[in-house]
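Presented below is the structure to which this report refers.
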Amino acid sequence: MASLIQRVAGQARQTFRMSSLDPTFKENLKVLSTLMENVKTSDLNLKPRNTGQTEPYNKSSSVSAPVTYMHIWEDEHFTMGIFLLKHGCRIPLHDHPGMFGILKVLYGKIRLKCFDRIEEGTMDPPEDVRLLGSKHKLTPGRFSTEQLLDGDTGTGGVLQLGQSKNNYHDIVAVDGPAAFLDILAPPYDPSGGRDCTYYREMDIYQSQGQAADSAKDNVQWLAAIPQPRDFWCDYEVYPGPEVEL
Ligand SMILES: [Fe+2]
């Protein structure tokens with residue numbers, strides 16, 4: 409029987425080689441998400457790192473990267489890999505233009521804050537946002553969710569992102585190191601208009617349409633920034649079963 413990660417990859421190819429407008433796309437995405445929910449560290453020969461690490465990663469004194477990436481697969485349809493985050497480390501707020509994704513926490517706890525993409529040109533930043541963010545490209549994002557995914561209980565957690573839903577997110581390892589399996593489709597392609605941009609929240613919310621019930625129903629203005637200096641990845645070889653498609 410094929411390994412679970414091989415089945416995940418096969419389902420990912422089946423899902424993402426079709427158009428997202430195909431009537432069976434959502435059903436295939438659901439099958440993929442359910443398969444990913446079942447992936448455990450043992451399916452990937454992955455040993456949880458430094459789980460006794462009680463002190464958060466020290467950005468100023470550490471020379472090792474806050475985040476490690478293990479590449480598993482990439483073709484024109486999707487990319488798959490594992491991100492390992494040291495305690496307290498963050499993948500800063502970023503986006504996935506025109507992409508879908510599924511993230512499954514393998515161990516540790518990950519806090520996600522997500523915003524939905526809002527169609528370009530439908531909102532103008534208010535005066536105070538324009539003044540504060542005059543040096544940056546400003547993008548509105550609608551607050552979607554802030555949640556804790558716990559990889560140490562049950563099936564852990566899975567987050568789906570779509571071309572608009574949860575497309576901007578930041579990811580933090582809390583209470584210790586954490587890791588997640590990540591599928592993105594199609595892969596980033598800067599020459600094809602799918603480059604990753606990092607953002608800073610302007611902390612100025614704005615209502616869209618009728619008055620919102622709370623600040624979190626509102627739109628947050630996001631300022632595009634260069635990749636933060638305290639975030640970078642190093643790379644390790646993926647130790648799990650080979651994937652062949
Ligand atoms: Fe992401």
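According to my numbering, the sequence shown is numbered sequentially starting from 409.
Ideal Cβ positions, reconstructed from N, Cα and C, are used throughout, including at glycine.
Original post:
Can the beta-carbon of PRO533 be found less than 8 Å from the beta-carbon of LEU546?
Top reply: In the sequence shown, counting from the first residue as 1, residue 533 sits at position 125. In the sequence shown, counting from the first residue as 1, residue 546 sits at position 138. Between PRO533 and LEU546, the C-beta spacing is below 8 Å.
Subject >> Start-to-end residues for the beta strand (DSSP E) that takes in ASP397 >> reply: The shown model of the chain, from 409 to 653, leaves out residue 397, and the question about it has no answer.
**OP:** Would you tell me roughly how many angstroms separate the C-alpha atoms of GLY601 and ASN436, rounded to the nearest one?
**Re:** Your numbering for residue 601 matches position 193 in the sequence shown. Your numbering for residue 436 matches position 28 in the sequence shown. Distance between the alpha carbons of GLY601 and ASN436 is about 26 Å.
Original post:
Expressed to the nearest angstrom, what Euclidean distance is found between the alpha-carbon atoms of ARG457 and PRO585?
Top reply: Along the sequence shown, one-based indexing puts residue 457 at 49. Along the sequence shown, one-based indexing puts residue 585 at 177. In a straight line, the C-alpha of ARG457 is about 7 Å away from that of PRO585.
Subject >> Neighbourhood of GLN555 by C-beta distance below 7 Å, restricted to the same chain and skipping five residues each side >> reply: Residue numbering aside, residue 555 sits at position 147 when the sequence shown is read from its first letter. Result list for GLN555: LEU520, in chain order.
Original post:
So what does ILE499 bridge to, in DSSP terms?
Top reply: Within the sequence shown, residue 499 is the residue found at index 91, counting from 1. Per DSSP, ILE579.
Original post:
In chain order, what residues of the same chain lie with their CB nearer than 8 Å to the CB of GLY506, ignoring the 5 residues before and after it?
Top reply: Reading the sequence shown from its first residue, position 98 is the one you call residue 506. So the qualifying residues of the chain are GLN571, PRO594, GLY601, ARG602.
Original post:
Just the residues with CB closer than 6 Å to a heavy atom of ligand 1, in chain order, which are they?
Top reply: HIS502, HIS504, HIS577
Subject >> Straight-line Cα distance separating TYR643 from PHE424 >> reply: Start at 1 with the first residue of the sequence shown, and residue 424 comes out as number 16. Start at 1 with the first residue of the sequence shown, and residue 643 comes out as number 235. Taking the straight line joining both Cα atoms gives about 26 Å.
**OP:** Measure the C-alpha to C-alpha separation of LYS434 and SER428 and round it to an integer number of angstroms.
**Re:** Residue mapping note: residue 434 aligns to position 26 of the sequence shown, counting from 1. Residue mapping note: residue 428 aligns to position 20 of the sequence shown, counting from 1. Answer to the nearest angstrom: the Cα atoms are 8 Å apart.
Original post:
Secondary structure at ALA619, three-state DSSP: helix, strand or coil?
Top reply: In the sequence shown, counting from the first residue as 1, residue 619 sits at position 211. Residue placement at ALA619 is poorly supported in this model, since its pLDDT is 48, which falls under 50; the coordinates are not used for a value here.
**OP:** Consult DSSP for GLN635 and reduce its assignment to one of helix, strand or coil.
**Re:** For the purposes of this step, residue 635 is taken as residue 227 along the sequence shown, with counting starting at 1. DSSP places GLN635 in coil when its eight states are reduced to three.
Subject >> Helix, strand or coil at SER552 [DSSP, three-state] >> reply: Here residue 552 refers to the residue found at position 144 when the sequence shown is read from its first residue. Strand at SER552.
**OP:** Give the straight-line distance between the Cα atoms of SER411 and ASP558, rounded to the nearest whole angstrom.
**Re:** Here residue 411 refers to the residue found at position 3 of the sequence shown. Here residue 558 refers to the residue found at position 150 of the sequence shown. Separation of SER411 and ASP558 (C-alpha to C-alpha, rounded to the nearest whole angstrom) is 24 Å.
Subject >> Proximity below 8 Å, CB of ILE413 to CB of VAL651 >> reply: To locate residue 413, count along the sequence shown from 1; it is residue 5. To locate residue 651, count along the sequence shown from 1; it is residue 243. Yes, these two residues count as a Cβ contact at 8 Å.
Subject >> Nearest neighbour of ILE518, chosen from HIS495, ILE612, ARG550, ASN453 [CA to CA] >> reply: The residue given as residue 518 occupies position 110 in the sequence shown. When only C-alpha atoms are compared, the closest one is HIS495.
Original post:
Does the Cβ-Cβ distance between GLN628 and GLY516 come in under 8 Å?
Top reply: On the sequence shown, residue 628 is found 220 positions in, with the first residue counted as 1. On the sequence shown, residue 516 is found 108 positions in, with the first residue counted as 1. Taking 8 Å as the Cβ cut-off, GLN628 and GLY516 do not qualify as a contacting pair.
Original post:
What residue from ARG498, VAL513, ASP536, GLN422 has the CA that sits closest to GLU484's CA?
Top reply: Translated into positions along the sequence shown, residue 484 becomes position 76. Of the listed residues, the one whose Cα sits closest to GLU484 is GLN422.
Original post:
What is the rounded straight-line gap between the Cα of HIS504 and the Cα of TYR606?
Top reply: In the sequence shown, the residue the question calls residue 504 occupies position 96. In the sequence shown, the residue the question calls residue 606 occupies position 198. Roughly 10 Å separates the two Cα atoms.
Original post:
Tell me which same chain residues have a C-beta within less than 7 Å of the C-beta of PRO649, skipping the five on either side of it?
Top reply: For the purposes of this step, residue 649 is taken as residue 241 along the sequence shown, with counting starting at 1. Excluding sequence neighbours, PRO649 sits near SER411, ILE413, GLN414.
Original post:
What residues are listed by DSSP as bridge partners for VAL537?
Top reply: Counting from one through the sequence shown, the residue named residue 537 turns up at place 129. Bridge partners of VAL537: none, in fact.
Subject >> Three-way DSSP call (helix, strand, coil) for GLU644 in this model >> reply: As a position in the sequence shown, residue 644 is number 236, starting the count at 1. In the structure shown, GLU644 sits in a strand (DSSP, three-state: E or B).
Subject >> Alpha carbon of MET444 to alpha carbon of LEU514, nearest angstrom >> reply: The residue given as residue 444 occupies position 36 in the sequence shown. The residue given as residue 514 occupies position 106 in the sequence shown. The alpha-carbon atoms of MET444 and LEU514 are separated by roughly 10 Å.
Original post:
Cα separation between GLN419 and PRO431?
Top reply: Locating residue 419 in the sequence shown gives position 11, counting from the first residue. Locating residue 431 in the sequence shown gives position 23, counting from the first residue. Straight-line Cα distance between these residues: approximately 16 Å.
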